[in-house]
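The opening residue of the sequence shown carries number -3 in this note's numbering; numbering runs sequentially from there. The beta carbon of each residue, even a glycine, is placed where N, CA and C say it ideally should be.
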Amino acid sequence: MAEAFARKYGGDGVFASSAGVDGAKDIHPMTIEVMKEVGIDISQNQSKTINMKTFVGSDVIVKLCEEANERCPIVPFGIQNEQWNIQDPMPSEGSGSDIEQFRRARDEIEKLVQGLLHRLGIAKV
């Protein structure tokens, strides 16, 4: 979601890429659905596994949850490190999925991306 919003609001001034600490995973269908609700198609997007090469050429690294902060490789000096504690909308084992949790996460991520781009002076919002 953050990658898609960064591309939407940052335009040509932003190169955004998504990576995860658990390796490349398929995007949850509800994530795709809630992004379609705001006019963004992420159905073809793919996450990569984060590693030190991920940081090469990066100006800002955004970690969306505490687990990512703990398990992420150390961010090299000189790269801005943003820590956002977004509640994971993924259902815990044995519980059902709730589309509202995905919408809340989407809306929170959108606001945080807009704020970051504004602080960086590259927002189109």
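Apart from the 5 residues on each side of it in sequence, Q76 sits with its Cβ closer than 6 Å to the Cβ of V56 in its chain, given in chain order. The segment 2 to 86 is shown to contain whole alpha helix (DSSP H) runs of 4 or more residues at 25 to 33, 48 to 51, 62 to 67, in chain order. Rounded to the nearest angstrom, the Cβ distance from T45 to G16 is 7 Å, consistent with a contact under 8 Å.
For I95, the enclosing alpha helix (DSSP H) has its first and last residue at 95 to 116.
The closest CA to that of E29, considering only K21, M(-3), N81, is found on M(-3). The alpha-carbon separation between K32 and M48 amounts to approximately 32 Å.
Burial is judged here by how many other beta carbons sit within 10 angstroms of a residue's own beta carbon; S39 has fewer than 16 and is exposed. With 16 or more other CB atoms across the displayed protein chains lying within 10 angstroms of its CB, I82 is buried. For L108, same chain residues with a beta-carbon under 7 Å away, outside a window of 5 residues either side, are W80 in chain order.
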